[in-house]
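Asker: Below: one structure in structure tokens.
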Amino acid sequence: MVTLVQGTCGYLDPEYVQSCQLTDKSDVYSFGVVLLELLTCKPVIDFDAPEEERSLSSCFLSAMKEKKIHELLDDKISCEDDMEVIMKVAELAKECLNMKGEERPTMKEVAEELDRINKLKQHPWEQVYHPEEKETLLGEPSDHIEIEHTGSFGLEKKAEKGIAIGR
Numbered sequence: 019m020v021t022l023v024q025g026t027c028g029y030l031d032p033e034y035v036q037s038c039q040l041t042d043k044s045d046v047y048s049f050g051v052v053l054l055e056l057l058t059c060k061p062v063i064d065f066d067a068p069e070e071e072r073s074l075s076s077c078f079l080s081a082m083k084e085k086k087i088h089e090l091l092d093d094k095i096s097c098e099d100d101m102e103v104i105m106k107v108a109e110l111a112k113e114c115l116n117m118k119g120e121e122r123p124t125m126k127e128v129a130e131e132l133d134r135i136n137k138l139k140q141h142p143w144e145q146v147y148h149p150e151e152k153e154t155l156l157g158e159p160s161d162h163i164e165i166e167h168t169g170s171f172g173l174e175k176k177a178e179k180g181i182a183i184g185r
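Per my numbering, the very first residue in the sequence shown carries number 19; after that it's consecutive.
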């Protein structure tokens with residue numbers, strides 16, 4: 019079976035462009051480009067930029083190497099309080115964009131890393147669940163519920179009315 023590969027310039031795995039061989043890691047490269055778009059809010063290919071700055075991937079890898087990633091990040095992202103999380107996503111994107119496919123993580127590893135990064139962002143109370151603390155805070159569980167009836171039209175009347183009407 020032959021599969022026709024389609025892709026958009028800028029997202030294609032450089033190894034695929036050279037060899038016409040897709041691997042499991044080809045999608046990892048493309049996902050790394052998507053991460054870049056999220057971090058920078060820039061187009062993947064900018065034809066109006068000078069030739070050496072047209073590829074977002076190349077600019078990003080260069081900025082990471084020179085430790086100037088802040089210059090490339092979108093303003094809304096770079097002013098966030100939690101730069102640790104943003105830098106971890108940038109590091110993950112860098113790994114995904116490795117020119118050698120065998121040196122890229124698998125998609126499973128990417129998903130696991132994103133899960134770890136997501137847990138960094140959670141409030142400390144959300145990270146650990148201790149049922150006994152919840153029970154202490156909420157009081158002892160009750161086997162019965164007390165309902166105070168102050169009006170003349172309680173649940174019992176609604177149920178009787180529904181049955182009488184033929185619901």
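The beta carbon of each residue, even a glycine, is placed where N, CA and C say it ideally should be.
Owing to the predicted nature of the structure, the values given are computational and were not obtained by experimental measurement.
1) Please confirm whether L57 and A111 have their CB atoms less than 8 Å apart.
2) Report yes or no: do three or more beta-carbon pairs, one from the segment 46–60 and one from the segment 74–89, lie closer than 8 Å?
3) Counting only the same chain and skipping the five closest in sequence on each side, list residues whose C-beta sits under 6 Å from that of K60.
4) Suppose contacts are defined by Cβ-Cβ distances below 8 Å. Is Y47 in contact with D31 by that definition?
5) Is the CB-CB distance between E102 and L138 below 8 Å?
6) Rounded to the nearest angstrom, what separates E121 and F49 at their Cα positions?
7) Using a 10 Å radius around the Cβ and a threshold of 16 neighbouring Cβ atoms, would you call K118 buried or exposed?
8) Bridge partners of S73, per DSSP?
9) Quick one: is E89 buried, meaning 16 or more other Cβ sit within 10 Å of its Cβ, or exposed?
10) Looking at the structure shown, is G28 part of a helix, part of a strand, or coil, going by DSSP?
11) Given K43, which residues of its chain have a CB within under 6 Å of its CB, disregarding the five upstream and five downstream residues?
12) I87 and K106: beta carbons closer than 8 Å?
13) Please report the distance separating the alpha-carbon of E127 from that of C38.
14) Residues in the same chain with beta-carbon distance under 8 Å from M125, minus the five sequence neighbours each way, listed in chain order, please.
Answerer: The structure says:
1) Within the sequence shown, residue 57 is the residue found at index 39, counting from 1. Within the sequence shown, residue 111 is the residue found at index 93, counting from 1. Yes, the Cβ-Cβ distance between L57 and A111 is below 8 Å.
2) Contact annotation: the segment 46–60 touches the segment 74–89, with at least three C-beta pairs closer than 8 Å.
3) Here the question's residue 60 lines up with position 42 in the sequence shown. By the criterion of a C-beta distance shorter than 6 Å, K60 is surrounded in its chain by L74, once the five residues flanking it on both sides are discounted.
4) Position 29 of the sequence shown holds residue 47. Position 13 of the sequence shown holds residue 31. Cβ atoms of Y47 and D31: closer than 8 Å.
5) The count along the sequence shown starts at 1 and reaches residue 102 at position 84. The count along the sequence shown starts at 1 and reaches residue 138 at position 120. Note that the C-beta distance between E102 and L138 is below 8 Å.
6) Locating residue 121 in the sequence shown gives position 103, counting from the first residue. Locating residue 49 in the sequence shown gives position 31, counting from the first residue. Between the alpha carbons of E121 and F49 lies a distance of about 15 Å.
7) Here residue 118 refers to the residue found at position 100 of the sequence shown. Residue burial annotation: K118 is exposed, with fewer than 16 other C-beta atoms found within 10 angstroms of its C-beta.
8) Counted from its first residue, the sequence shown places residue 73 at position 55. Answer is I63.
9) The sequence position of residue 89 within the sequence shown is 71, counting from 1. Exposed, since its Cβ has fewer than 16 Cβ neighbours within 10 Å.
10) For the purposes of this step, residue 28 is taken as the residue at position 10 of the sequence shown. Looking at G28 - three-state DSSP - the assignment turns out to be coil, as it is neither helix nor strand.
11) Along the sequence shown, read from residue 1 onward, the residue named residue 43 stands at position 25. Result list for K43: G119, R122, in chain order.
12) By 1-based counting over the sequence shown, the position of residue 87 is 69. By 1-based counting over the sequence shown, the position of residue 106 is 88. The answer is no: Cβ separation not under 8 Å.
13) Stepping through the sequence shown from its first residue, residue 127 is reached at position 109. Stepping through the sequence shown from its first residue, residue 38 is reached at position 20. For E127 and C38, the distance between alpha carbons rounds to 25 Å.
14) Indexing the sequence shown from 1 puts residue 125 at position 107. Closer than 8 Å at Cβ, skipping near neighbours: D42, D45, V46, F49.
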